[in-house]
Amino acid sequence: MAPVPDPNSVGGGAKRDEATTKVPSKDSKKKDDKKEEDLSEEDLQLKQNLELYVERVQDPNPELQKAALESMRQEIRESTSSMTSVPKPLKFLRPHYGVLKEFHLKMAESDLKKMLADILSVLALTMSAEGERESLNYRLTGSEGEIGSWGHEYVRNLAGEIAEEYTMRQGEESSIEDLMDLVQQIVSFHMKHNAETEAVDLLMDVEDLDLLLEHVDSTNFRRTCNYLTSAAKYLPGPDDMLVLDIAYMIYIKFAEYPNALQIALFLDNMQYVKQVFTSCTDLLKKKQFCYMIARQGITFVLDQEMVANEQDREALQDIVNNTKLSEGYLTLARDIEVMEAKTPEDIYKAHLLDGRVSSGASVDSARQNLSATFVNAFVNAGFGQDKLMTVPSDSTSGSAGNWLFKNKEHGKTSAAASLGMIQLWDVNTGLAQLDKYFHSSDNPVIAGALLGVGIVNCGIKDDCDPAFALLADFIDNEDSSVRIGAIMGLGIAYAGSQNDQIRSRLSPILNDAKAPLDVIAFAALSLGMIYVGSCNEEVAQSIIFALMDRSEAELGEALTRFLPLGLGLLYLGKQESVEATAEVSKTFNEKIRKYCDMTLLSCAYAGTGNVLKVQDLLAQCGEHLENGDIHQGPAVIGLAMVAMSEELGLDMGIRSLERVLQYGEQNVRRAVPLALGLLCISNPKVTVMDTLSRLSHDTDSEVAMAAIISLGLIGAGTNNARIAGMLRNLSSYYYKDASLLFCVRIAQGFVHMGKGLLTLNPFHSERLLLSPTALAGIVTLLHACLDMRSIILGKYHYVLYFLVLAMQPRMMLTVDENLKPISVPVRVGQAVDVVGQAGRPKTITGFQTHSTPVLLAAGERAELATEKYIPLSPILEGFIILKENPDYREE
Amino acid sequence: MLTVSVKWQKKVFESIEVDTLQPPYVFKAQLYDLSGVPPERQKIMVKGRLLKDDADWSKLGLKNGQKLMMMGTADEIVKAPEKGPVFMEDLPEEEQAANLGYSAGLVNLGNTCYMNSTMQCLKSVPELKSELSNYQSARTKDVDQTSHMLTVATRELFRELDKSVKAVAPMPFWMVLQKKYPQFAQLHNGNHMQQDAEECWTQMLYTLSQSLKPPSPSEDPDAVRALFGLNLRSSEESSETESVFSLKCHISHEVNHLHEGLKHGLKGELEKTSPALGRTAVYIKESLIDSLPRYLTVQFVRFFWKRESNQKAKILRKVDYPLELDIYDLCSEDLRKKLEAPRQKLRDIEGQKLGLQASAKSSSNGDDVKMTDAEGSSNGSGESSSGDQQGGAASHMTGIYDLVSVLTHKGRSADSGHYVSWVKQESGKWVQYDDANTSLQREEDITKLSGGGDWHMAYIVMYKARLISM
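Line order of the protein sequences matches chains A and B. So in the UniProt record's numbering, spot 236 of the first sequence is number 236, and the numbers just go up one at a time. So in the UniProt record's numbering, spot 450 of the second sequence is number 450, and the numbers just go up one at a time.
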């Protein structure tokens, strides 16, 4: 029943106002009068109608009341669709809010009262004071009708108030049942109206994410999960785990197994991984899962339950064991045409530095040859051929030996081990090449061969366990360099495997009073790598005892830092699990106590983005110490380890480090470049590049060295021309300083690592997953760099090879159903964050179309440019199996 | 009887029969037939264990169809070369210096950069070094005590520089220099004052020329004069000649290039006592070079006494100097005649180098060639008999000089700022000696030291004569 417009209303408005004087005060009346003049005829009429309804609502006649309320509801509903400004009915009703409220109180319990409560609830949207939650209160007393009929904004507001109310009631421990009903309604409304983010937010506020499972459907589960996974990064524990659990369940529910697997891997929950395998029935998809597990670099054994057929299982296990990695990498290299081996001179490009080149010395410099060895190893990593160590079959076998013997003493270790790097991932050929060095009479050469075996086997598993078979005999060799070679080789080959057999061999070394410190340090480190992120009690005990047994003098040694580091690696990313061990570390000798503390803290929270821990660590860096404590170095690196997980935290980390650089003490400044290197590893951000370039000319040579190494790290495997140019100039700037020049050479090797096909980034799968072994490798190098002179520039330069743990091809290789590479067009462009965006937004920008295999740079994403195939994983990185699209029609 | 498969390198030997009753050595012999790897070189891996020759098969738990892995090659075992390479780091310091290709820097002893840079420039003259090494340690009567000591100190300093890699602290030399020339020992606020490098240069050359005189009074000029001295003859009217160690490049508003400055300097409005004559000689405007030195030193007259501020002010004007200097038109008529033939020869050689026929004059050589050609023919070609003052009969001056060292000054006045020397090595590379620091430089950067800003600017440049054998 539309109200009959009163012909006299234009003149009578004021009169009527006076008649119902209760409502507007005199002041507001004046204002209204003024406004009234500006109102259009239509608006004026609306206003008068509403006023009329307000009056009638208070009429004792229920019929009239009902009619008025319904009309009022009608008016409000018609107008709430848009929310760019306060809707007119609400605006005009504002002055009457108080009146209606009072009247509502007086009303007897009835349907009408509920109806009025509904209207009041809507009015409270704009009228209610902050924190009063009147909207919610009226809603709860209201008619509980369809919630969405009042418009999105109303629902959104309600959701906010529910969250507040919930926290309050939690405090009072009162019932929340009535709220939950409302939540149900709201969530289902949001989920139906493309507002998944709001639904998730509300559920997170009321801590009942399980509800989500009921409401997701095949149209919105992707967006929901997408939001959940990205929100998890910003949630405090244990909420983040809960959120991911839900996301996992949703994915499983909708049979989106690759994503489910990703989350399972993120949670490091092998039960979930198994569930993915058992839930999925498609063998081809399982192969894809295996590729994903292989990339994460964890040890995973398939059982009968997961794959019934034995032959299939073997094929799948081969993929998990990374046996095909070398092949795929070489396919990529051949496609990009970079098979030709490069010499260190090709990398130095000394001819571009006219005049400044040091006059061609006729005598070999051991230092320079050593750097050439490393450059050669990193640049030709995985290609199986180079121009120093491997010799083409047609030439005489003399020259290979020659380069080896152009290195001095411990330099030969690195030279022999470099062969492992060149043959990386190709176990069979690599072992054959290394074989001849096993028969050498020179201990450093044998040590290098052992280390080389470890490197070749890095990330590759084989049933025959060749690395253990070959290295085990040398663990207790009388020569400590040979021992270190074997121990380090085992650490690299079995990183993350939690192999008990190796533990039983290495643990006794730790508590052997006769073992030299360096052997103990490397044993602790290797155990840390093998049991990375496992929280293994026994290993932790052994390392703790080893630390307690160290004498005061030994605690001052540079290598001692590997003991706390090994301990820390056990808890990599395991957050609270570290606490018991951290307590024990408080009883250590004070020389190492704080160092151990910082290392444990930073390892445990590595990759979590935990802001509180970042603050803790920053506070440590801000202290101005005078007693020569060295724990601030790991604190700075820890800062980067914790903050590196997601983009925002990363940017904040970079900014905080700039401050630390300006105000920090010298030993803090020395670690800052390394932290920057970790934050932007294989991701040459221009700003960071400039900072490091500035620091590479620092008057403190330690800072300069760290900055140079970090320049290499941020450009690792990118062939970045700008960094290459900077390093070239640095090589002429520091041509006289052997130590700095060595660092420059190493950095040059990093930048051209794998001729630009590799990455060191431990994060993969669109930055979601963190490979623990990769991070362990990088962190070890960084800790070694904290005392560059005694470790890398001393005789333990082979710690540089720990980086092999993080080396992965930055490729996307498509294979067909028989796992043979096929070439398809793909678009590669900058990834766009599409979380919470409506519709089907573009996921990449500024793309170019290439044919697979393609290289993916940091922050890039690929997208199939053809409909002919369907990728079996939504994350196009690494190995991707393509299935032919049955619906595809050739045009 | 079990069958196993063995993976070796890229090959797989399928279904090999294992006789578990025989020791594994037999099995290895089987593999030897297949792979050619002798049994003692074979490493066979069974589930993380190596197969020992005398192992018990039953304990290995071998299964039918199991995969084994063999490592081993028949390759020659690498042996260390009998004579290992010699590494730079192991060499004694002298040899490291030799490998470096240039000698060490000099430590600044407190405002002694003027001395350091002067000595580095002088050291770059090999002839001077050899003269010094022939110098007797015992003093002869002709030389006074302090000059003798300074000469010996110079010799020792050069020796020490040649054999060290790290910067040398020239303390003994510095003490002797102060003794000989007390003006260098001036103190200001308790520190030694910065001095004018040109003064140091001149005094050093003077001292060395005194002490390196041939023992008996003879007609021959002393070694230093032979190397650096040049005779200036005022043109036509006066036949007075004056022997100097350097040419001056006067800098006025018109001077943009070394050549112009030299001309300006030779016109000389100066009056001074000529030591050769023992009286004040009035120099008429134009003097010309009568004899050429092996090493031509040019001083840029950058400093002048500013009366108002009572200090030596500096002219910052940019004056370019070439890497190759031709002073033919500054020479006297007589000298020019002598220079004709060698110059012609030099041109021919260069022409040949450029692929031109010596006889055919290309147009690119231009007027210059034609002119000298005409002069040459009018003067006849009898120069070959004319004696050469400095060199032997074998090598002849050409009037063309190559830049070998530059001593630069940075700063606004002579008594402040910083002196640095830039010296060309025998290898053709330029080295900057900035006190204790030495660094390689590019040739094009050397010509950029011509002034016009606050960068290092050339103060003294030294050219080496391009000689030609006839």
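Every residue gets a Cβ at the ideal spot worked out from N, C-alpha and C, and that includes glycine.
With 16 other Cβ atoms within 10 Å as the buried cut-off, status of residue i
i	result
residue 725/A	exposed
residue 395/A	Confidence at residue 395/A is low in this model, with a pLDDT of 43, below 50, so its placement is unreliable and no value can be given for it.
residue 305/B	exposed
residue 380/A	buried
residue 146/A	exposed
residue 580/A	exposed
residue 614/A	buried
residue 52/B	exposed
residue 253/B	exposed
residue 789/A	exposed
residue 502/A	buried
residue 714/A	buried
Cβ of residue i within 7 angstroms of any chain A Cβ
i	result
residue 10/B	yes
residue 50/B	yes
residue 87/B	yes
residue 70/B	no
residue 75/B	yes
residue 45/B	yes
Residue i at chain B interface by Cβ criterion, 7 angstroms
i	result
residue 431/A	yes
residue 444/A	no
residue 729/A	no
residue 366/A	yes
residue 426/A	no
residue 877/A	no
CA-to-CA distance, residue j to residue i, given in whole angstroms
i	j	result
residue 15/B	residue 32/B	15 angstroms
residue 380/B	residue 289/B	Because the pLDDT at residue 380/B is just 38, under 50, the model does not fix this residue reliably, and the value given afterwards should be weighed accordingly. Cα-Cα distance, rounded: 22 angstroms.
residue 90/A	residue 45/A	14 angstroms
residue 326/B	residue 396/B	15 angstroms
residue 314/B	residue 453/B	12 angstroms
residue 643/A	residue 223/A	26 angstroms
residue 893/A	residue 466/A	Past the boundaries of the shown model lies residue 893/A; chain A is included only from 1 to 891, so the question cannot be answered.
residue 532/A	residue 570/A	5 angstroms
residue 591/A	residue 552/A	8 angstroms
residue 97/A	residue 121/A	10 angstroms
residue 894/A	residue 416/A	No answer is possible for residue 894/A: it lies beyond the span of chain A, which begins at 1 and ends at 891.
residue 499/A	residue 425/A	20 angstroms
residue 247/B	residue 398/B	18 angstroms
residue 183/A	residue 839/A	25 angstroms
Residues bridged to residue i (per DSSP)
i	result
residue 878/A	812/A
residue 249/B	300/B
residue 326/B	400/B
residue 191/B	188/B
residue 352/B	Note: residue 352/B sits in no beta bridge, so no partner.
residue 255/A	Looking at the DSSP assignment, residue 255/A forms no beta bridge with any residue, so it has no partner.
For residue j and residue i, believed in contact at Cβ under 8 angstroms, the rounded distance
i	j	result
residue 369/A	residue 411/A	7 angstroms
residue 844/A	residue 863/A	6 angstroms
residue 159/A	residue 186/A	5 angstroms
residue 856/A	residue 828/A	7 angstroms
residue 701/A	residue 676/A	Contact flag wrong, Cβ pair sits at about 18 angstroms.
residue 117/A	residue 141/A	5 angstroms
Taking a Cβ distance cut-off of 7 angstroms, strictly less, list which residues of the stretch 414-434 of chain B are near chain E, in chain order.
The structure shown contains no chain E; the protein chains it does contain are A and B.
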